[in-house]
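Engineer: I have a structure here, written as structure tokens, and I will follow up with some questions on it.
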Amino acid sequence: MLIIRKILTKKKQRIAPLDSGAWILDAMNIAKIAASASKCVPMAGPFVEGGVNLFYSALEQLKQMRKNKEDFMGLSEAIAILLRTFSEATTGRTSDSAYPE
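First residue of the sequence shown? That's 1 in UniProt numbering, and the numbers climb one at a time after it.
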């Protein structure tokens, strides 16, 4: 009975979350395979292939949009650092300098 209780009270291990962009690459690979496989279907193959290619194009756009968002975040952080540095440099100069009257 002690063994059963130990098994039932055993904590479940958490599975590490996947990279949020990994599913896009997996879906794109599946779409490529489906497009290749649809060529074997005699009548509906071209329609299936067209739909799968459309889905693949949408996934490409989603992947690019995600990359652009990450690039934008990096750029905005770099601009904030530059502005902070510029502000610190100018406040130091204006307080020490004497203005001619």
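The beta-carbon is built from N, C-alpha and C at its ideal position, and this holds for glycine as well.
Is methionine 43 helix, strand or coil when you go by DSSP?
Structural biologist: Coil, per DSSP.
Engineer: According to DSSP, is glycine 21 helix, strand or coil?
Structural biologist: Three-state result, glycine 21: coil.
Engineer: When you compare each of Ile33, Trp23, Leu75 to asparagine 53 by their alpha carbons, which one comes out closest?
Structural biologist: Of Ile33, Trp23, Leu75, the residue nearest in Cα terms is Ile33.
Engineer: So, is the C-beta of glycine 21 closer than 8 angstroms to a C-beta in chain C?
Structural biologist: No chain C appears in this structure, which consists of one protein chain only.
Engineer: Do the segment 40-47 and the segment 68-80 meet, that is, are 3 or more Cβ pairs less than 8 angstroms apart?
Structural biologist: With the cut-off at 8 angstroms, the segment 40-47 and the segment 68-80 do not touch.
Engineer: Here's a check: name, in chain order, each residue in its chain whose Cβ is nearer than 8 angstroms to the Cβ of methionine 28, leaving out the five neighbours to either side.
Structural biologist: Same-chain partners within the cutoff: Tyr56, Leu59, Glu60, Lys63.
Engineer: Do you know offhand how far alanine 31's Cα is from lysine 39's?
Structural biologist: For alanine 31 and lysine 39, the distance between alpha carbons rounds to 13 angstroms.
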